[in-house]
Amino acid sequence: MPVAVIDGQPLHYLDQGTGPVVLLGSSYLWASDMWAPQIEALSQQYRVIVPELWGHGESGKLPTQTESLDGLARQALALLDHLEIERINLVGLSVGGMWGARLALQAPERVNSVVLMDTYLGAEPEATRQYYFSLFKMIEDAGVIPEPLLDVIAPIFFRPGIDRESALYQDFRTSLQSYSKEQLLESIVPLGRLIFSREDILAQLPRLDSDTTLAMCGEQDKPRPPEESKEMADLIGCDLILIPEAGHISSRENPEFVNEALLTFLANHA
């Protein structure tokens, strides 16, 4: 994977294909392989770039000057500057959509189109925020993700009926065990706190172009339920596509449906 130094830390990113640029923003706790089916499909016609979140994949630790999700958006813009890319089509899932929307609002001249997947631009509900913060404290105290937490955290990302013996589920569960104490304490936990204490920017969403924005959500997404995507789509005035048989990581649970929806949207807007 190529690397760019952003805010003093190495940011690893995937860069595949040629054509109009599609920037894929990943979910918290997932490396770029969460987009493997989309990278394969989109890179036939597009240049697909997938930055790894700080502390994920081979990327370095969360830069100390990163104080909010606006910082992640600014760092993504710095990567585009490094690559001398003027305009992108942005597809962000979960936190990728949270910083992606902020990027589009900060620098609309750099963005052709935006797809917000399984994400929410409002503040985290207080009860959920406190719950996640309690998990972060347990991880911080242990220096690992304790075994009992693996089967608390992993199911959050999938539809309720997923086969827990499937490779998709087991590979993700295993990946949660692979983080070093350093990664957890320097990047994963502080990044999680940034995500779940984010500012509410719903009032800014009408500034996004309704014709070049699309909301998508897994029909069975638990952490970011379809009602949230509908709320955002109504504020923007854009279309909403619900993804059948999918939870939070819809890109992997129903890749064929997601690929078709993205290819159709990008054909009209990229």
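Everything in the sequence shown is counted per the numbering used here, starting at 4 for the first residue and increasing by one. Beta carbons: idealized from backbone N, C-alpha and C, even for Gly.
Buried or exposed: Pro3, going by 16 or more other Cβ atoms within 10 Å of its Cβ?
Given that the chain is displayed from residue 4 to residue 273, the structure contains no residue 3 and the question cannot be resolved.
Closest Cα partner of Ala206 within the set Gln223, Met235 and Gly63
Met235
Determine the closest residue to Asp18 out of Ile198, Leu269 and Leu83, with distance taken between C-alpha atoms.
Leu83
Following the continuous beta strand (DSSP E) through Val8, name the residue where it begins and the one where it ends.
Val6 to Ile9
Looking only at C-alpha atoms, which of His272, Ala273 and Glu256 sits nearest to Trp38?
Glu256
Can you grab the Cα-Cα spacing for the pair Leu75 / Ser29, in whole Å?
12 Å
Can you check whether the CB of Leu187 is closer than 9 Å to the CB of Ala157?
no
Just to confirm my understanding: we take Leu124, look at its own chain, exclude 5 residues before and 5 after, and list those with CB closer than 7 Å. What are they?
Met101, Ala104, Ile204, Leu205, Leu208 and Met235
For Arg113, which of Val261, Arg196 and Asn92 has the nearest alpha-carbon?
Asn92
My output table needs one value for His251: the three-state DSSP class, helix, strand or coil.
coil
Based on Cα-Cα distance, which residue from Thr21, Tyr16 and Gly22 lies nearest to Asp36?
Tyr16
Would you give the residue range spanned by the beta strand (DSSP E) that Gly221 belongs to?
Thr216 to Gly221
Three-way DSSP call (helix, strand, coil) for Tyr134 in this model
helix
Short of 6 Å in beta carbon distance, which residues of its chain neighbour Tyr49, apart from the five on each side in sequence? Order them along the chain.
Gly20, Gly22, Pro23 and Val25
On the three-state DSSP scale, how would you describe Ser30?
coil
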